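Numbering (my numbering), first residue to last: 0 to 151.
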């Protein structure tokens with residue numbers, strides 16, 4: 000079904016999802032911003048993928064001077080859903096298996112580069128909640144444009 004959707008619509012859908020991610024993370028009335036205001040340290044956040052074990056962070060809390068929220072990174076399950084959509088949007092049925100594998104590898108690299116940019120901006124501005132989609136979508140869009148020019 001995804002192959003029948005025009006390419007421009009697919010990319011614009013990713014950009015709309017990125018702007019929605021910015022809203023829910025940074026706007027004071029956004030869902031995630033409200034959730035972080037009411038969050039207690041007794042429970043881990045639901046629907047998040049942590050890069051560190053939350054229990055280990057609580058044990059090390061006494062030795063650290065900064066708050067627990069700043070000591071770990073987490074990605075929401077919605078971010079993973081959009082990252083999977085990015086890969087599905089770019090793959091075409093007529094490509095060979097080796098071409099699809101190389102394109103998926105390039106997608107993963109572009110998303111990782113975008114996420115590293117997001118983490119850099121987070122450190123630069125020292126914010127607690129940050130949207131994980133905009134930079135990966137920008138880098139992915141540039142990758143898709145270059146790939147489209149090469150493959151056509």
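Even for Gly, the Cβ is constructed at its ideal location relative to N, Cα and C. Predicted model only: the values in this text are computed from it and were never measured.
DSSP places residue 29 outside both helix and strand once states are collapsed to three, so it counts as coil. By the Cβ-count criterion, residue 85 is buried, with 16 or more other Cβ atoms from all chains shown falling within 10 Å of its own Cβ.
DSSP, read as helix, strand or coil, puts residue 132 in coil. Linking residue 95 to residue 16 through their CA atoms gives a straight-line distance of about 30 Å.
Assignment of alpha helix (DSSP H) within the segment 73-119, counting only whole runs of 4 or more residues, yields 76-89 in chain order. For residue 17, the secondary structure class from DSSP, reduced to helix, strand or coil, is helix.
The C-alpha of residue 24 is placed about 38 Å away from the C-alpha of residue 97. The beta carbon of residue 134 sits closer than 6 Å to the beta carbons of 113, 116 and 117 from its chain, once the five residues preceding and following it are set aside; these are given in chain order. In the three-state DSSP reduction, residue 151 falls in the coil class, being neither helix nor strand. Closest option to residue 102, judged by alpha-carbon separation, among 76, 139 and 131: 139. Between residue 78 and residue 88, the alpha-carbon positions lie close to 15 Å from each other.
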